[in-house]
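First comes the structure, then the notes that go with it.
Protein chains: 2
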Amino acid sequence: MRFGLRHIRYFIAVAEELHFRRAADRLCIAQPALSRAIRFLENDLEVQLFDRSTRSITITPAGQTFFEGCLKVVNSVEHLVENTRQVDEGQIGALQIGYTDTAISGVLPSRLKEFQDLHPGINLKPHHDVTTTQLDKLDQGILDVGFVTGPVTRPGYEQCTIQSERFVCVVYDSHPLAPRGTLRLEELSGESIVHGASNEWQHFHSHLIPMCRRAGFELRIAQEAYNTAGILGLVACGMGVTLLTGSVRNALIPGLTVLELEDVDEELQTMAIWRADAANASQSFFADFLMHARLEAPAL
Amino acid sequence: MRFGLRHIRYFIAVAEELHFRRAADRLCIAQPALSRAIRFLENDLEVQLFDRSTRSITITPAGQTFFEGCLKVVNSVEHLVENTRQVDEGQIGALQIGYTDTAISGVLPSRLKEFQDLHPGINLKPHHDVTTTQLDKLDQGILDVGFVTGPVTRPGYEQCTIQSERFVCVVYDSHPLAPRGTLRLEELSGESIVHGASNEWQHFHSHLIPMCRRAGFELRIAQEAYNTAGILGLVACGMGVTLLTGSVRNALIPGLTVLELEDVDEELQTMAIWRADAANASQSFFADFLMHARLEAPAL
DNA sequence: AGCGCATGATGCCCTTTTGGCATCAATTCT
DNA sequence: AGAATTGATGCCAAAAGGGCATCATGCGCT
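Sequence order for the protein chains is A and B.
Just so you know, this note's numbering puts 212 at position 215 of the first sequence, and the rest follows in order with no gaps.
Just so you know, this note's numbering puts 136 at position 139 of the second sequence, and the rest follows in order with no gaps.
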């Protein structure tokens, strides 16, 4: 099989015109060149594609079969080129996106939707993971972008803040503090605290621990869960109280009350983070989008 | 788009080996030629397909997309060539086959099955038509082969007998002649005859008319139907009797009796007929099959 | 029948493409 | 530092592709 795409294109022209000179005109080459190209193709295939009388040609059944296949081949090559260029330009592609509970209950969904509208060809694939897991997966190239609990310092990565939220306390409705509306952190020193497992939630706890210490008590977690829904579930059934961020109001279940913390001004930052050396054009688009959009990001 | 199948094949080798020299070895060309071919491809696509460091190369996301498409293209071209050759050799193809009621209730189905077993790649497409319609469709090229009621004389066609059957009389069970088992044709002179419409069944009637005349009466059709099932239906409900051939025993419905004709030795021939100039390889196979198989064809 | 015309094929020659060889530049391994 | 390996480049030869002129054949017209 020594023929190429050129032979296929030439053959299509002849099969459609059933006339060498007209086909040659269409292809902008001289008729003899076309005659020879088709003859070469027939020799190469060892199949006669046209029946020639000196006055006219007709296509053989084998030629017809070949013709239909040629159309498909040329078509798929053209689509392939188009697709390849789009991937190169980042118009189509896939992004593996990691997110934490905190990120997903805040501004992330609307951010992703905005991006999706801008780049409908890019397939966004979200993966729920805690911060530490996301950082590992970014290193391994499994994730392209992570939405994690800051602060994070990683050489070779770029990042930007997409959300900054006050901490809040969540209690069950019948808790004595519930009617208060606000409270001071030190008032929780005697409470049972429900929170995430310490190895997985370490980024979150790295805020809570010094915060509680400043308020005069040591954070001690009485009940562990593995995600926000689990924590809230335990709180709702009276196992204790918890400390989360404002966006938890978007994920509340009945029976819970959110209380502002009067004496805590520190906020929890949710960061987008991605490799600085992103070769992938889709990644660059996403990075540009995040860097630009953060300017208008409303604080929650 | 100036690249050809060669570039695609070269690209596949490089993408699989991720190593120019090894890929060049595999392709049996020198490494510089391959380097240039890939560079040409990249220029042509205006897309970088590989990231090169002097020590190694990696494929870009666009390159990966292109690679997957290239595999499909090469595959489909190979299949296309294979298919085209098979059509050329007649191993695959389609045959439009006409048949009459008489043909289909006789040996035709088993003949077709034999042929299908010999050439599983050839798609047999049967079409029910009376003899005259089949002959028209053969002229128009709509049918490749007809199974018709003989005799037929057509210049430019070849034919062979596939079946020769005695005429029989079919009566309803309660008919006075039914218990007789056999009868002489002249005994039907007073009977109501049920048969096919005269314009469509003219080839069949061209046997019946002189036959009846020899027996001393004129064929007069009291009730017309448009196919064997219709004729038998009318006979069964007592509208008259009919004259068909032995193979009708394969298509009987309850309430009918078949009677041999003692004094009629003439037989009705079912012929296969096809254009002598059949270009199509499948047609040639079928013609060869019929010409050969007729030797062993048992008379019915 | 003879002529002109249209069609596809062929011969010759030039241009472009492709490939091989020697070599270079950059990086890695020892 | 030096050897080795890898992809890129320069240069030349071979092959493929294409244009032009021309040929052979069949068709239609007079």
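The beta-carbon is built from N, C-alpha and C at its ideal position, and this holds for glycine as well.
Please read all numbers here as calculations on a predicted model, not as lab measurements.
Those residues of the region 93 to 122 of chain A placed with their C-beta closer than 9 Å to a C-beta in chain B do not exist. Around the C-beta of Q113(A), fewer than 16 other C-beta atoms lie within 10 Å, and the residue is accordingly described as exposed. Closest option to Q199(A), judged by alpha-carbon separation, among V127(A), I159(A) and L185(A): V127(A).
By alpha-carbon distance to E184(B), the top candidate from S244(B), S203(B), P251(B) and L258(B) is L258(B).
With fewer than 16 neighbouring CB atoms inside 10 Å of its own CB, R33(B) falls in the exposed class. If you draw a 10 Å sphere on the C-beta of Y223(B), you find fewer than 16 other C-beta atoms in it, and that means exposed. Here V70(B) is actually not in contact with I35(B); their C-beta atoms are around 17 Å apart, not less than 8 Å.
Around the beta carbon of Q131(B), a 10 Å sphere encloses 16 or more other beta carbons of the protein chains shown; the residue is thus reported as buried. Burial is judged here by how many other beta carbons sit within 10 angstroms of a residue's own beta carbon; C209(B) has at least 16 and is buried. Residues of the same chain with a CB within less than 6 Å of the CB of I218(A), apart from the 5 flanking positions on each side, are I190 and H192 in chain order. Using a 10 angstroms sphere on the CB of M288(B), the tally of other CB atoms stays under 16, which defines it as exposed. The residues V255, in chain order, have a CB closer than 7 Å to that of R246(A) in the same chain once the five nearest residues on each side in sequence are set aside.
Per the coordinates, the alpha-carbon of Q266(B) lies some 6 Å from the alpha-carbon of T146(B). Nearest CB-CB separation between A273(B) and chain A: not below the 7 Å threshold. Counting the other CB atoms within 10 Å of its CB gives A59(A) a total of 16 or more, which places it among the buried residues.
Under the Cβ distance rule, T62(A) counts among the residues neighbouring chain B, one pair being separated by less than 7 Å.
For T55(B), same chain residues with a beta-carbon under 6 Å away, outside a window of 5 residues either side, are D48 in chain order. Residue-level contact check: G213(A) does not touch chain B, since none of the beta carbons of chain B fall below 7 Å from its beta carbon.
Burial is judged here by how many other beta carbons sit within 10 angstroms of a residue's own beta carbon; H76(A) has fewer than 16 and is exposed.
Non-local C-beta neighbours of K134(A) in its own chain, meaning closer than 6 Å and more than five positions away in sequence, comprise L140, ordered along the chain. By the C-beta density criterion, N40(A) is exposed, having fewer than 16 other C-beta atoms within 10 angstroms.
The three-state secondary structure of M268(B), taken from DSSP, is strand. Within a 10 Å sphere around the beta-carbon of T225(A) sit 16 or more other beta-carbons, which makes this residue buried.
Not a single C-beta of chain B is nearer than 7 Å to the C-beta of L140(A). Counting along the chain, I218(A) sits inside the beta strand (DSSP E) bounded by residues I218 to A222.
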